[in-house]
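Below is one structure; the comments refer to it alone.
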Amino acid sequence: MAWCMQIKNFALDILKRSSSSWTSTLVTSLDSMFDSFDAQLAAGSSAGYIFPLQDFLFTFLSRALLNADPSAVPEIKKSGYVMLDKWLALQLLPTVSINVLQPLEEIFLHSFSYPFWLVKSDYRKLANFVKTEAKETVQRAQTDFKLTEEEAIHNLLFILGFNAFGGFLIFFISLLSSLGEQKSIHDELRKEVREKLSNNVLSFQTVQQMELVFSFVYETLRLNPPVPSQFGRARKDFELSSHDAVFQIKKGEMLCGYQPLVMKDPKIFENPEDFVYNRFTKEKGGEKLLKYLFWSNGPQSGTIGPSAADKQCPARMSCR
523 MAWCMQIKNF ALDILKRSSS SWTSTLVTSL DSMFDSFDAQ LAAGSSAGYI FPLQDFLFTF
583 LSRALLNADP SAVPEIKKSG YVMLDKWLAL QLLPTVSINV LQPLEEIFLH SFSYPFWLVK
643 SDYRKLANFV KTEAKETVQR AQTDFKLTEE EAIHNLLFIL GFNAFGGFLI FFISLLSSLG
703 EQKSIHDELR KEVREKLSNN VLSFQTVQQM ELVFSFVYET LRLNPPVPSQ FGRARKDFEL
763 SSHDAVFQIK KGEMLCGYQP LVMKDPKIFE NPEDFVYNRF TKEKGGEKLL KYLFWSNGPQ
823 SGTIGPSAAD KQCPARMSCR
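Just so you know, we're using my numbering here: the sequence shown kicks off at 523 and counts up by one.
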């Protein structure tokens, strides 16, 4: 337990220290991504966004969280995000549906774990990148949080790859898809962003003033939560209440929370299956709905932020 708290404190410290550089690093990385789009379009071809988006996220998160620059290692700069993709796929494929003919999917994909040697070489390259280019962060883990070098490297790689890269990638794809589908509101969003930007400088303060942007993001999260389900075992007997029923839960029972179902509750959300871009604006009374958006360990509003003593994702507060 004490070791887990050390890891959690280390993760929270990383977020706190990197917060001052997030916006500048984000803008620099975004500029590079949009330059790649322009280059593709100038060549007369269409511009796909999945691979440039992954490259952007890997570069941004490496710099912001680890203080490590992928461009210092040519192979990592070129293929770092691909290496992370393969590592994530190896862990997630046994748990996700790819909608192929059953029962073949269950038999061949969901019945066993995959051997590590399939990604061992790439993982070692990523671990070496963290060791050599994130020296300062690794050293701080050892001196301030009493982790070994090996523990620091592997936990940093997990934070970078699974928590940050994997989570942001799923969400950003959903966000861009929603933006592409909701073409009628582009002008409103563009107008708000331009009005709120001070001297064209992006900051956390200016983003917090963009009410319509916030609502759009929350609505995307409501319909497409990056982590749709959580599991937990009851630590004691208790009663679980819904709108019209009470369930007796016994100690030791396994519970599953399925967020898409919870956040499409017709008794809470009007037209729950529809994308309502301004649902969470003050004009619509949306602030009251935030407590019905559920994440890792509680609702969006009304709960204390993550700490070393709980199981909430360390980045939850930064995602707000």
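Beta carbons: idealized from backbone N, C-alpha and C, even for Gly.
For residue 580, tell me which candidate among 601, 730, 571 and 636 has the shortest Cα-Cα distance. Taking the first residue of the sequence shown as position 1, residue 580 is located at position 58. Answer by Cα proximity: 601.
Whole-angstrom C-beta distance between residue 761 and residue 769, which should lie under 8 Å: The count along the sequence shown starts at 1 and reaches residue 769 at position 247. The count along the sequence shown starts at 1 and reaches residue 761 at position 239. Sure, about 7 Å apart at Cβ, within 8 Å.
Would residue 806 and residue 794 be called neighbours here (beta carbons separated by less than 8 Å)? Here residue 806 corresponds to residue number 284 of the sequence shown, with the count starting at 1. Here residue 794 corresponds to residue number 272 of the sequence shown, with the count starting at 1. Judged by their CB atoms, residue 806 and residue 794 are not nearer to each other than the 8 Å cut-off.
Per DSSP, the bridge partner or partners of residue 570: On the sequence shown, position 48 is the one that residue 570 refers to. DSSP output for residue 570 lists no bridge partner at all.
Residue 670: buried (16+ other C-beta within 10 angstroms of its C-beta) or exposed? For the purposes of this step, residue 670 is taken as residue 148 along the sequence shown, with counting starting at 1. Result: exposed.
Using the Cα positions of residue 575 and residue 772, report the straight-line distance between them to the nearest angstrom. For this step, residue 575 is matched to residue 53 along the sequence shown. For this step, residue 772 is matched to residue 250 along the sequence shown. Rounded to the nearest angstrom, the gap between the Cα atoms of residue 575 and residue 772 is 45 Å.
In whole angstroms, what is the alpha-carbon distance linking residue 675 and residue 588? Walking along the sequence shown from the start, residue 675 turns up at place 153. Walking along the sequence shown from the start, residue 588 turns up at place 66. If I take the Cα positions, the gap works out to 10 Å.
Note down, in chain order, each residue of its chain lying with its Cβ closer than 7 Å to the Cβ of residue 842, except the 5 sequence neighbours on either side. Numbered from its first residue, the sequence shown carries residue 842 at position 320. The pLDDT assigned to residue 842 is 47, lower than 50, so where the model puts this residue is not dependable, and the model offers no usable value.
Taking all protein chains shown into account, do 16 or more other C-beta atoms lie within 10 angstroms of the C-beta of residue 652, making it buried, or fewer, making it exposed? Sequence index remark: in the sequence shown, residue 652 carries index 130 (1-based). When all chains shown are included, residue 652 counts as buried.
Taking 8 Å as the threshold (C-beta atoms), are residue 695 and residue 799 in contact? Taking the sequence shown and counting its residues from 1, one reaches residue 799 at position 277. Taking the sequence shown and counting its residues from 1, one reaches residue 695 at position 173. In this structure, residue 695 does not lie closer than 8 Å to residue 799 by Cβ.
Residue 757 versus residue 615: straight-line alpha-carbon distance, rounded: Mapped onto the sequence shown, residue 757 falls at position 235. Mapped onto the sequence shown, residue 615 falls at position 93. Going from the Cα of residue 757 to the Cα of residue 615 covers about 30 Å.
Assuming contact is defined by CB atoms lying nearer than 8 Å, are residue 578 and residue 605 in contact in what I supplied? To locate residue 578, count along the sequence shown from 1; it is residue 56. To locate residue 605, count along the sequence shown from 1; it is residue 83. Result no, Cβ atoms of residue 578 and residue 605 do not sit closer than 8 Å.
Entirely within the stretch 702 to 771 and at least 4 residues each: give me those alpha helix (DSSP H) ranges in chain order. Correct list: 708 to 718, 726 to 730 and 733 to 745.
List the endpoints of the continuous beta strand (DSSP E) containing residue 811. Here residue 811 corresponds to residue number 289 of the sequence shown, with the count starting at 1. Premise fails: residue 811 is in no beta strand (DSSP E) and is neither H nor E.
Reference residue 700, options 722, 664, 673 and 746, closest by Cα: Locating residue 700 in the sequence shown gives position 178, where the first residue counts as 1. Ranking the options by Cα distance to residue 700, first place goes to 746.
CA-CA distance, residue 698 and residue 759? Position 176 of the sequence shown holds residue 698. Position 237 of the sequence shown holds residue 759. When rounded, the distance between both Cα atoms is 43 Å.
Any 3 or more C-beta pairs closer than 8 Å across the stretch 527 to 542 and the stretch 653 to 668: The stretch 527 to 542 is in contact with the stretch 653 to 668.
How many whole angstroms separate the CB atoms of residue 679 and residue 648, which I take to be in contact at a CB cut-off of 8 Å? Taking the first residue of the sequence shown as position 1, residue 679 is located at position 157. Taking the first residue of the sequence shown as position 1, residue 648 is located at position 126. The beta-carbon distance between residue 679 and residue 648, rounded to whole angstroms, is 6 Å. This is short enough to meet the 8 Å contact definition.
For residue 779, the first and last residue of its enclosing alpha helix (DSSP H): In the sequence shown, the residue the question calls residue 779 occupies position 257. Boundaries around residue 779 are those of the beta strand (DSSP E), 776 to 780, since no alpha helix (DSSP H) includes it.
Can you tell me whether residue 821 is helix, strand or coil according to DSSP? Along the sequence shown, one-based indexing puts residue 821 at 299. Assignment of residue 821 by DSSP, reduced to helix, strand and coil, places it in the strand class.
Sequence-distant residues of its chain with Cβ nearer than 7 Å to residue 797 (five each side left out): Counted from its first residue, the sequence shown places residue 797 at position 275. When the five nearest sequence neighbours on each side are left out, the beta carbons in the same chain lying within less than 7 Å of the beta carbon of residue 797 are those of 700, 704, 741 and 745, in order along the chain.
Determine the closest residue to residue 739 out of 585, 526, 784 and 812, with distance taken between C-alpha atoms. Counting from one through the sequence shown, the residue named residue 739 turns up at place 217. Among 585, 526, 784 and 812, the Cα nearest to that of residue 739 belongs to 812.
Per DSSP, cross-strand counterpart(s) of residue 816: Walking along the sequence shown from the start, residue 816 turns up at place 294. Within the DSSP bridge table, the entry for residue 816 names 821 as partners.
Going by C-alpha distance, which of 583, 808 and 803 is nearest residue 687? As a working mapping, residue 687 is identified with position 165 in the sequence shown. Taking only the C-alpha atoms, the option nearest residue 687 is 583.
To the nearest angstrom, report how far apart residue 843 and residue 725 are at their CA atoms. Coverage of the chain is limited to positions 523 through 842, which leaves residue 843 absent and any answer about it impossible.
Pick from 650, 524, 535 and 732 that is closest to residue 713, judged by C-alpha positions: Walking along the sequence shown from the start, residue 713 turns up at place 191. Of 650, 524, 535 and 732, the residue nearest in Cα terms is 732.
Taking the alpha helix (DSSP H) that residue 598 falls in, what are its first and last residues? As a first step, residue 598 must be located in the sequence shown, where it is residue number 76. Counted as a single uninterrupted DSSP element, the alpha helix (DSSP H) harbouring residue 598 occupies residues 596 to 614.
Just mark residue 553 as buried or exposed, buried being the case when its beta carbon has 16 or more other beta carbons within 10 Å. Counted from its first residue, the sequence shown places residue 553 at position 31. A residue is called buried once 16 or more other Cβ atoms fall within 10 Å of its Cβ, and residue 553, having fewer, is exposed.
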